[in-house]
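Read the structure below first, then the notes.
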Amino acid sequence: MGEETVMKEWIVGKKKELLFWGVLAVIGIICIIRMLQPTREWTFGEDRLELVGEAIHFDANVINENAPGWYVDNSMEYGEVFAQTPALDLPAGSYDVTIRYQAGGNGAKYEFSSAVDTYKVMLGRIEQPLEEGRTSKTLSVNYTDTVKGFQVKTIYTGEGYLIINGIEIHQTRVMERMVLFTVFVAACCGLFWMKCTSGMARKIAIWALGIALIATIPVMMPYLYKGDDLYFHLQRIEGIASGLKCGQFPVRIQPQWMNGYGYPVSIFYGEGILAIAGLLCLIGFPLQLTYKLYIFIINFCTWTIAFFCIRRVVKEDKIAILGGALYTLAPYRLMNLYLRAAVGEYTALMFLPLILVGAYEILLEAKENRKFSWLILAAGMTGIIQSHILTCEIVVLVLIAACLVCYRQMFVKDRFIDFMKAAGVTVSVNLFFLLPFLDYMRDDFYVNSERFGGPIQTSGAFLSQLFSFFPHGYGMETSVVDGLTEGAEKTFAVGWMFVLALILFLSEWKKNKLNKEISMRLARFCCIGAIVLLYMSTVWFPWNALYNRSELFALLSSRLQFAWRLLGTVALFLTIVTCVILKNWKRCKKREEVLALAGIIIGITGISTGYFYTSMQEKADIVYIADAESVSSFELVSGEYVPAGVDWSPEQMPEGKIWKSNLINVADYYKNGTNYELSCANLSDQEQILELPMTYYRGYVAEDSQTGGDILISSGDNGRIRLTLAGNYTGTIQVKFKEPVAWRISEVISLFSVVGVACYFFRERRSNRRKCRRNEE
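Just so we're aligned, residue 15 is where the sequence shown starts under my numbering, counting upward by one.
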């Protein structure tokens, strides 16, 4: 009886936890049961499609190597809809809809409809393009309810021609995978909350969640704001998922770019952090939702990292909480998030506090206070290298300036050793990226040619922009040449909460009671550094004159691209200044004055952020990304990583086309990402050339699948992969991207470095805990 009573009391005390785990278990079991059930598919070949209007049936190879299907052009009678599937009822779930077609011109479109059209069916699916140069288009949909009378319709608007070969609908288990992953994340959060006995840790988690939600408000809608580089980075996310699907690890050549010709963006652009989004996409999360989740994760981590770093400087939890919020909601950072969609840069800003605090402690703190300082610096540098190499350039230059200012401390043995350890770990951990990056920089790509970049003074900001009290959330132009056109000019506001703190700090420079504290030395450096960087970010800094006088300066500044990129570092510097001035006021002024100053800073931040969000909602452009097919695979910005001389227009890169002479017979072929397999025969006794619909990059190899013999591979017309077949050759050729041995060795070194650093960290942490226990005893 006693045991039963104890059990009942335990159940009553744990009923909330039991309910939580019970709900997760039920949801998980339902998903697993659904995943074990067979999927359905509907195939509508040319003979099963419903035709509306006039059409001609074409057999294979009538026009441009077409597959059999229904043909229409503007010489025929055509209506609003050309061909459509019969109406059917789709049960709740996930589906891939594949439209097989061939189009000439821009007159081909598709749309979805149902018996009762709802926004879930129609949104992003009305009169969407079927692009020229493609042979198929696969669209992914997720429906939480049964869709009755579902139809896929193809439309011809009168330009060029359209051939419809068939439409297929395949049921998938993507929705179940998404729900299972969500259950897993919820379980991890639940374990953290239940196992965490520290009230402060729970408060930090709540603050991080709250600030992250505030910073993510603009994407809490069905759409996305159309940032400058949005489509480029969405393609990067899709490219990581596509590369992993085809067996690349790590991903080097993203295969889906330019109609499947491939793009080595992963070699030139660090993607260690963006891989989070790539994995979400691989699980099955829609591309738009994946991007929104990534923004939330970065906002959450930005506040968390800023909080812990600022707390190490000011030793005050409440000030660190405020400092983290100021940095996360800084106007320049919000502009990067939503106006520019500068994924690499706003991800890199997350790691700046780590670098600042790591370098500060190594240079200024006593040895006993430098716990893991060199490791913090290495972690920050690793994060930036894996996010945005241009931010790395800025950080290195600022670190050099800091070392010159503190040159006496720099060459103290133990401090110098810490810097060397940080540098060594940074290089070894990131060698898997740095080595391929430097290796490919030797080749002739646009990004490392003389044509790339140039003087950047025209991109400088105005003082009226820097000191704008109401930073607006719209605008596209980034150059003084474009003028102050209404609705077009971006605002590069510093934020008046930071300006106020800077004024107060300068006014109290000498009489400050914290003058002898190390944190004040850091604040002085940040103050001076912020002022210098602010000047350098303006149109008045002599970038052009220095560009013309120094080749080294020309190289560094041209790669920077925009002078106002320095404002990210300015935001961090002024955050430190603000937190130090608050700490000073807390020590030497009345509580009411401190609260008043904190209130003013919070108020200005709220007004600034609120105005930014409101103006963005009123005037900024929005887009809806229904799936990966909503983003053109030719969104390369300037084509920085395209080989020199390659025309990367859709017309020059048709999907699936093989260039060959009549003396070569291709029996079969199959493409999976960067892997291409084809069975062919050279009907002559002379060498013949065959070109594949893939761009050649150093690292591609070709071999006979049976003998393993090498097939000569090179760069052909417009950079395509060219195979040279020996006379009378018959066989199956496998083409794949094979990393050099040196790259593989660098990956092993990076892996062992990560494992070694992790072991060192946990060993030292355990050792420190033991020492603390002994001291307490």
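Built from N, CA and C at the ideal position, the CB exists for glycine as well.
Cutoff 8 angstroms; reference residue i; Cβ partners in own chain excluding five residues on either side
i	result
residue 379	387, 532
residue 274	647, 669, 670, 685, 707, 708
residue 590	324, 327, 337, 370, 536, 537, 540
residue 160	103, 104, 105, 106
residue 137	236, 638, 640
residue 29	none
residue 775	386, 389
residue 413	369, 373
Beta-carbon separation (whole angstroms), residue i vs residue j, contact threshold 8 angstroms
i	j	result
residue 239	residue 157	In fact, because the Cβ distance is near 26 angstroms, the residues do not count as touching under 8 angstroms.
residue 88	residue 116	With a Cβ gap of about 16 angstroms, residue 88 and residue 116 do not count as contacting.
residue 735	residue 725	In fact, because the Cβ distance is near 11 angstroms, the residues do not count as touching under 8 angstroms.
residue 753	residue 713	6 angstroms
Identity of the residues DSSP links to residue i by a beta bridge
i	result
residue 185	109
residue 55	184
residue 682	693
residue 170	122
residue 734	709
residue 655	DSSP, once it has assigned bridges, lists no residue as partnering residue 655.
residue 558	In DSSP, residue 558 forms no bridge with anything.
residue 751	714
residue 153	111
residue 674	704
residue 143	123
residue 745	694
residue 165	127
residue 175	87, 118
residue 552	475
Contact under 8 angstroms by Cβ, residue i with residue j
i	j	result
residue 142	residue 167	no
residue 325	residue 288	no
residue 108	residue 163	no
residue 400	residue 444	yes
residue 170	residue 118	no
residue 487	residue 305	no
residue 363	residue 440	no
residue 449	residue 757	yes
residue 508	residue 584	yes
residue 176	residue 72	no
residue 253	residue 447	no
residue 570	residue 407	yes
residue 334	residue 321	yes
residue 616	residue 514	no
residue 701	residue 738	yes
residue 213	residue 258	no
residue 312	residue 233	no
residue 857	residue 619	Residue numbering for the chain in the displayed model covers 15 to 791; residue 857 lies beyond these limits and cannot be assessed.
Beta-carbon proximity list for residue i, same chain, < 7 angstroms, skipping 5 on both sides
i	result
residue 641	153, 154, 300, 301
residue 425	none
residue 74	80, 81, 82
residue 429	376, 377, 423
residue 612	336, 596
residue 91	67, 68
Own chain residues within Cβ distance below 6 angstroms of residue i, not counting five before or after
i	result
residue 397	365
residue 182	57, 112
residue 676	none
residue 33	none
residue 719	746, 748
residue 743	696
residue 148	669
residue 165	98, 99, 101, 127
residue 558	469, 471
residue 625	484
residue 551	475, 577, 578, 580, 581
residue 197	38, 41, 42
residue 761	446
Residue i beta carbon near the ligand ATP (any heavy atom closer than 7 angstroms)
i	result
residue 674	The ligand ATP is not part of the structure shown, which contains no ligands of any sort.
Test: residue i CB closer than 8 angstroms to a CB of chain D
i	result
residue 410	Among the chains in the structure shown there is no chain D, since it carries only a single protein chain.
For this session: Can you check the stretch 690-727 for any beta strand (DSSP E) of at least 3 residues that lies completely inside it and give the ranges in chain order?
Result: 702-709, 714-718
Problem set entry | In chain order, each alpha helix (DSSP H) run of at least 4 residues that lies wholly inside the stretch 230-298 | 244-259, 271-274, 279-282, 289-297
Problem set entry | Length at least 4, wholly inside the stretch 358-420: the alpha helix (DSSP H) runs in chain order | 366-378, 387-399, 403-419
Exercise. Can you list the alpha helix (DSSP H) stretches of 4 or more residues lying completely in the stretch 57-140, in chain order?
Worked result: 133-136
Exercise. At what residue ranges does the stretch 445-492 contain a whole run of the alpha helix (DSSP H), taking only runs of 4 or more?
Worked result: 445-454, 477-480
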